[in-house]
Amino acid sequence: PIATHPDLAFERTWQVLSIPIADMPPAHLQELRVVVTWQEDLQAMQIEWRHRRASTPLWVGR
């Protein structure tokens, strides 16, 4: 469980990466990476989430 002390400071970073796929436009498949870090009892703590998404093909909706 994450501590709930009011003086606890969280740091959040995120990054979007394009994953290359042959014969597909750039950025068709992307991965979002979110990292949250904090100090708890002199120990560095970290939680990381990763989520992938693909763009909708151009022919959809025509």
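Just so it is clear: in the sequence shown, position 12 is 15 by this note's numbering, and no numbers are missing.
Backbone N, C-alpha and C define an ideal beta-carbon position, used for all residues, glycine too.
Check	Outcome
In the DSSP assignment, find the beta strand (DSSP E) that holds residue 57 and state where it starts and stops.	46-57
Taking the continuous beta strand (DSSP E) assigned at residue 22, which residues delimit it?	13-22
Do you know how far the Cα of residue 21 is from the Cα of residue 56?	10 angstroms
Which of the three DSSP states is assigned to residue 7 in this structure?	coil
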